[in-house]
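Counting from 1, one number per residue, gives the positions in the first sequence under the UniProt record's numbering. Below is one structure, written out as structure tokens; comments come after it.
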Amino acid sequence: MQEQLLDWYHREARDLPWRRTRDPYKIWVSEVILQQTQVVTGTAYYERFVERFPTVQALAEATLEDVLQAWEGCGYYARARNLHAAAKQITGQPFPETYEGWLALKGVGPYTAAAVSSIAFGYPKAVVDGNVRRVLSRWFAVKEPSDHWLQTTADEQLFHADPSSWNQAVMELGATICTPKAPKCPVCPVKDFCKAYQSGNPTAYPAPKVRAEVKEVQAVALIVGDQHNLYIEKRPEKGLLGGLSGPPLEQVQAGETVEDALKRLLDRLSVPDAKHLGTTEHTMTHRHFVVRVYQAEADLPLSASTAAMSKLDRKILRLLQEKQGALFG
DNA sequence: AAGGCGGGGAA
DNA sequence: TTCCCAGCCTT
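This is how it looks when you write it as structure tokens:
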């Protein structure tokens, strides 16, 4: 099984940018970006990030604002905050070379510690990510694998002579052949070893996870100024879109009406009244935002909108642009 | 153990 | 639409 998979991997592996380097820093950055972000999406962010911050020293010396700006649009912004904090933590000293050493860094959990230590240093620890979970679940026909079973089994199967290639090979198989919905079993290099394949119904493994419902959130936002020069606020570092900037926003709390939330927003900024511009919507994994957007003239400090903003904030500003475009259109 | 935390690709 | 992605942290 190991020989079949590794032969296939060395033949068919995708040419990905982080596979062209041995630099532990760049491999680390790639693994953090690839946490819950697909390869096709993450590639552009990786190129942008390592060009802006080519070394761990450069990252450690940067401001959080600059780091978040390089991360803008990539989501899960705690990853950027933790990566920045960890860079400050270790810059000037040698990189850890063990699983345990990497695990001690902020934002580095079991997956990332195994990935970086094995890929950059050949440390013998198996990665367990979504791909590996699916591959092992099918390989051994275990429908609801526990985290403990997954790590133990992955470590048992690890190819100790080349942990880097082995870990990447299992993930590559999961990403390109052993996919969730329509696995390409006929061309799978290791189908002869797969119990789910032998069962005749490979997609029954693993059983689908129960997911939390998407909750609807009503909110009001206020634009003062225009899209190039406007009043923006920085959100607290903990919580939703932490550390990012955007036009002032208030969520409609339980038992509150939209008008209540708008009054709270205007009172907070000492703005007497505002004009309704329109409504925009934005869905995240766990929240569906419905944002009523208002505009006002007010004596508030305006600045160029170069700060890092989320997609939600960009949509709010786009509403203003569309209104003004219609005016001249 | 469960919930919070973005955004987007693929079918 | 639905599923899930080279997960981690807090509670």
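Beta carbons are placed, not taken as given, at the ideal position from N, Cα and C, and that holds for glycine. On a predicted model such as this, the values are computed, not experimentally measured, just so you know.
| Query | Result |
| --- | --- |
| Considering only DSSP beta bridges, list what Ile223 is partnered with. | Gln295 |
| Would you decide whether Gly109 is buried or exposed? Buried here means 16 or more other CB atoms lie within 10 Å of its CB. | exposed |
| Helix, strand or coil for Thr285? Go by DSSP, reduced to three states. | coil |
| Note down the Cα distance separating Val135 from Ala261, rounded to an integer number of angstroms. | 48 Å |
| Rounded to the nearest angstrom, what separates Gly329 and Glu250 at their Cα positions? | Interpretation of Gly329 is limited by its pLDDT of 38, a score under 50 that renders its predicted location unreliable; no figure is taken from the coordinates. |
| Nearest to Lys209 by alpha carbon, out of Thr283, Leu269, His228 and Ser146? | Ser146 |
| So Gln251 is in the beta strand (DSSP E); what residue range does that whole segment cover? | Leu249 to Gln251 |
| Skipping 5 residues on each side, what residues in its chain have a beta carbon closer than 8 Å to that of His286? | Ala212, Val214 and Lys215 |
| Taking DSSP's pairing of strands, which residues face Asn229 in a bridge? | Ala304 |
| Ordered along the chain, which non-local residues of its own chain (more than five positions away) have a Cβ less than 6 Å from that of Ser310? | Leu241 and Leu244 |
| From which residue to which residue does the alpha helix (DSSP H) around His84 run? | Ala78 to Ile90 |
| Can you tell me which of Pro248, Gly278, Leu34 and Pro183 puts its alpha carbon nearest to the alpha carbon of Arg79? | Leu34 |
| Based on DSSP bridge pairs, tell me the residues matched to His276. | Tyr294 |
| Along the alpha helix (DSSP H) that carries residue 331, what are the first and last residues, could you check? | It is not possible to answer for residue 331, since the shown part of the chain is limited to 1 through 329. |
| If you compare alpha carbons, which of Arg314, Glu259 and Gln36 is closest to Pro247? | Arg314 |
| Can you list, in chain order, the residues of its chain whose CB lies under 6 Å from that of Asp15, leaving out five sequence neighbours each side? | none |
| Inspect the beta-carbon positions of Val258 and Gln218 and report whether they are closer than 9 Å. | yes |
| Tell me the rounded alpha-carbon separation between Val224 and Val293. | 11 Å |
| Let me confirm a value: Asp7 is counted as buried when at least 16 other C-beta atoms fall within 10 Å, else exposed. Which label applies? | exposed |
| Can you say whether Thr280 is buried or exposed, counting buried as having 16 or more other CB atoms within 10 angstroms of its CB? | buried |
| Please classify Glu31: is it buried, with 16 or more other beta-carbons within 10 angstroms of its beta-carbon, or exposed? | buried |
| Give me the Cα-Cα distance between Pro17 and Ala44, rounded to the nearest whole angstrom. | 10 Å |
| Compare the beta carbon distance of Ser305 and Gln253 with 9 Å and say whether it is the shorter of the two. | no |
| How many angstroms separate the CA atom of Asp192 from the CA atom of Glu100? | 35 Å |
| Is the segment 141-159 in contact with the segment 117-132, if contact means three or more CB pairs nearer than 8 Å? | yes |
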